[in-house]
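This report refers to the structure that appears directly beneath it.
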Amino acid sequence: MAKPNILIRSKKTRATELFANNQLREADAVYAGICQAAPADVESWVMRGLIHRKLGLYKDAERYCRRAIQLKPDYAWGHHVLGSALQCLGSVNDALACYRKSISLHPEYAEAHYFLANALRETGAIHDAIKSYRQAIELQPDFVEALSNLGAALTALGETQEATHVLNKAIILRPNAPQILCNQGHILQRDGRLVEALEKYQRALQFSPDSMDAITNVAALLEKTNRLVEAQALVDRELLRSPDNPDLLFVSARLARRANRQDDAIALLERALSQPTTMDTAGAMHILLGQLYDRKNDVEHAFSHLVEGNRLSALAMECETGGQDRYLERVERMRGYLTPELAVIQEDGLNASETVTPVFLFGFPRSGTTLLEQILDAHPAMQSMEEKPTVSAMVQAFEELAQGRRNALEELTADQVSQLRKVYFDEVARHLQREPGKLLVDKNPLNTVNAHLIWRVFPQAKFILAIRHPCDACFSCFMQNFVLNEVNTGFHTLESSADIYSNVMRTWLEAVRILPLHYHRVRYEDLVADFENETRALLDFLEVGWDDKVLGHTEHAMKRGTINTPSYHQVTQPIYQHAKFRWKRYALEFEPVMPKLRPFIEYFGYGE
Numbered sequence: 138m139a140k141p142n143i144l145i146r147s148k149k150t151r152a153t154e155l156f157a158n159n160q161l162r163e164a165d166a167v168y169a170g171i172c173q174a175a176p177a178d179v180e181s182w183v184m185r186g187l188i189h190r191k192l193g194l195y196k197d198a199e200r201y202c203r204r205a206i207q208l209k210p211d212y213a214w215g216h217h218v219l220g221s222a223l224q225c226l227g228s229v230n231d232a233l234a235c236y237r238k239s240i241s242l243h244p245e246y247a248e249a250h251y252f253l254a255n256a257l258r259e260t261g262a263i264h265d266a267i268k269s270y271r272q273a274i275e276l277q278p279d280f281v282e283a284l285s286n287l288g289a290a291l292t293a294l295g296e297t298q299e300a301t302h303v304l305n306k307a308i309i310l311r312p313n314a315p316q317i318l319c320n321q322g323h324i325l326q327r328d329g330r331l332v333e334a335l336e337k338y339q340r341a342l343q344f345s346p347d348s349m350d351a352i353t354n355v356a357a358l359l360e361k362t363n364r365l366v367e368a369q370a371l372v373d374r375e376l377l378r379s380p381d382n383p384d385l386l387f388v389s390a391r392l393a394r395r396a397n398r399q400d401d402a403i404a405l406l407e408r409a410l411s412q413p414t415t416m417d418t419a420g421a422m423h424i425l426l427g428q429l430y431d432r433k434n435d436v437e438h439a440f441s442h443l444v445e446g447n448r449l450s451a452l453a454m455e456c457e458t459g460g461q462d463r464y465l466e467r468v469e470r471m472r473g474y475l476t477p478e479l480a481v482i483q484e485d486g487l488n489a490s491e492t493v494t495p496v497f498l499f500g501f502p503r504s505g506t507t508l509l510e511q512i513l514d515a516h517p518a519m520q521s522m523e524e525k526p527t528v529s530a531m532v533q534a535f536e537e538l539a540q541g542r543r544n545a546l547e548e549l550t551a552d553q554v555s556q557l558r559k560v561y562f563d564e565v566a567r568h569l570q571r572e573p574g575k576l577l578v579d580k581n582p583l584n585t586v587n588a589h590l591i592w593r594v595f596p597q598a599k600f601i602l603a604i605r606h607p608c609d610a611c612f613s614c615f616m617q618n619f620v621l622n623e624v625n626t627g628f629h630t631l632e633s634s635a636d637i638y639s640n641v642m643r644t645w646l647e648a649v650r651i652l653p654l655h656y657h658r659v660r661y662e663d664l665v666a667d668f669e670n671e672t673r674a675l676l677d678f679l680e681v682g683w684d685d686k687v688l689g690h691t692e693h694a695m696k697r698g699t700i701n702t703p704s705y706h707q708v709t710q711p712i713y714q715h716a717k718f719r720w721k722r723y724a725l726e727f728e729p730v731m732p733k734l735r736p737f738i739e740y741f742g743y744g745e
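Count along the sequence shown from 1, add 137, and you get the number used in my numbering.
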């Protein structure tokens, strides 16, 4: 009996060498011979399963792994490889069961924890996925793939500081690894640092020219930064090599939409959705399909795709009501500082010159703030800043001073106000290279609920309130694939969008009632109908005078290149009318939320 065992060991050594050299078919032939000579050799059956999974022959991989488990039911590695084959076949829940079985048999098996995390992330259970990634890393601290994917998962939740720390560890262990570079690029892109993000993606592509992740990231960011010819050339070239890649098809669809080829974009998205992809990507594809069908006035298809896209996006990010509830609690807390006593506050010598007092542009998301920002930035006397956490930093500093005291805002001392101004301008400096002599326009629609704090710190500030029909504003939020944050988790349904709208605008109306705010209201519908007169009135309010350069705001936006909001593809187009009163086509869907929105419809002059 010794001679056959020696022969099998020799064959296994040879098969292992072939596998290590990526000679998969040759290795499989040797393992097949072993399985024929020694049918009870469990390890060889699992190796055949692993090889066939790597070859893309997933059903065969499943069959070989099941044979191994039949021979040895408590073989942890067999359950693990079976799970990976089932996951490739799309049976994610069965795969989860296999990974969990493997871990129960071998709790210190780091790779099983890692694969479990990947499968959990695919189902949208991102918090559980993060726990499993952490477990894999605890068992194997140099597990580069687990570090990289943990960084990606943390980024998706907006935990970019920890994600950066994790990915820095990973890149030290494996310099120039394409996936890690791409994940670092995602953090930079989320922070609006698009040029640096593109450099990361291009560096990944340099070290791995065939990396589809790097290719699609480069193509997507070229499209987002309006380098459309380069993006189209890259996508067309790569689709010849990978015609069914869903991420490439998605970028190609966005490019077709930019070229007004709506039918082509729809066809590309339907092709993409026929391929396996992640839940969040599928959600984004459905949302884009909804937008495209809306442009074709196909209300039924548009709404069904929007509902499905929002459902998948919410599942992908585990968007329960927690995020929205936290935001609404914060709005309520800030509204609590809005007391009648504020109206009689003296400015305590804070009458700073207009050159150091910003203009604050806000309203509600999808109400024309990005269009207004581009118009104002085109004026040579102004410099705009797009949705940076400047006021958020000031709010955080104020709440540390307030310690929950309702009258804290009115009791701020002159020194404390100066301190808050410094916090604000320090944050500005982190995000913007200021151009001397230009009036700063701080655009962020979420700052509407902080108008009273802004006024207390900047009593000379001018405010621009961007308004759109409340139903259109809510529906446009419902139509977008936003980057996840506390507010945006509430835009996955019309009902929650209306809740957020009513809370935000109730705070604004209370601020207007109590405080002597110096503000100018711009209705989106009026701006697109009578651009020049509305813009002249706004510039008169800002006391900067008319300049013909504002008429070229579209070209100016193209030159800026980096518009990091869902409106990026729209503000680089000429003014259009088709989004006015879009909600009326979906009036039936709005019936349940009209009681919440009707008071604001009347107040802002949209009543019938």
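Every residue gets a Cβ at the ideal spot worked out from N, C-alpha and C, and that includes glycine.
Given the structure is predicted, the values throughout are model-derived calculations rather than measurements.
Endpoints, alpha helix (DSSP H) assigned at residue i
| i | result |
| --- | --- |
| H216 | 213 to 225 |
| F497 | Segment 496 to 499 is the beta strand (DSSP E) holding F497; no alpha helix (DSSP H) there. |
| H323 | 315 to 327 |
| R571 | No alpha helix (DSSP H) contains R571, which DSSP labels as neither H nor E. |
| V594 | 588 to 594 |
| R643 | 631 to 651 |
| L688 | From DSSP, L688 is part of no alpha helix (DSSP H); its letter is neither H nor E. |
| G420 | 416 to 432 |
| L405 | 399 to 410 |
| P383 | 383 to 395 |
| W182 | 179 to 191 |
| F678 | 668 to 679 |
| T527 | 527 to 539 |
| N230 | 229 to 242 |
| Q86 | Nothing in the structure corresponds to residue 86, since the chain is present only between 138 and 745. |
Cross-strand partners of residue i (DSSP beta bridge)
| i | result |
| --- | --- |
| Y656 | F600 |
| L576 | M519 |
Check whether residue i and residue j have beta carbons under 8 Å apart
| i | j | result |
| --- | --- | --- |
| K580 | E524 | yes |
| A125 | A266 | Here the chain covers residues 138 to 745 and nothing more, so residue 125 does not appear. |
| L335 | V355 | yes |
| A222 | Y246 | no |
| M519 | H568 | no |
| L429 | A404 | no |
| Y304 | T353 | Here residue 304 turns out to be Leu, not Tyr, going by the sequence shown. Cβ atoms of L304 and T353: not closer than 8 Å. |
| R327 | T297 | yes |
| L242 | D211 | yes |
| N587 | M731 | no |
| F727 | C608 | yes |
| P315 | S348 | yes |
| L496 | I601 | Reading the sequence as shown, one finds Val at residue 496 and not Leu. In contact: V496 and I601 (Cβ atoms closer than 8 Å). |
| M531 | V493 | no |
| L679 | E671 | no |
| K148 | V179 | no |
| G261 | L219 | no |
| E547 | E478 | yes |
| N618 | S411 | no |
| L443 | M616 | yes |
| D677 | P517 | no |
| A610 | Y638 | yes |
Spatially closest choice to residue i from the options, by CA coordinates
| i | options | result |
| --- | --- | --- |
| R391 | R719, Y561, L426 | L426 |
| A232 | Q224, K238, S239 | Q224 |
| P244 | H216, L257, A674 | H216 |
| R756 | T527, A588, E547, P582 | This structure cannot speak to residue 756, because the chain is shown only from 138 to 745. |
| D417 | E572, L688, A293, A674 | A293 |
| L688 | F595, L509, L583 | L509 |
| A421 | D381, L452, K433 | L452 |
| A539 | Y474, T506, S633, T585 | Y474 |
| V436 | G742, W720, A177 | W720 |
| N756 | S285, P729, G295 | As shown, the chain starts at 138 and ends at 745. That puts residue 756 outside it, with no answer to give. |
| F737 | D667, L675, T644 | T644 |
| H589 | S613, L549, C611 | L549 |
| Y723 | K599, D431, R735 | D431 |
| H438 | E407, V620, E647 | E407 |
| N447 | V620, N142, P278 | V620 |
| P582 | A551, T506, R203 | T506 |
| F280 | N255, Y251, L675 | Y251 |
| C319 | E367, L577, F440, Q339 | Q339 |
* Would you list, in sequence order, the uninterrupted alpha helix (DSSP H) runs of no fewer than 4 residues that lie entirely inside the segment 251 to 294? => The qualifying runs are 263 to 276, 281 to 293.
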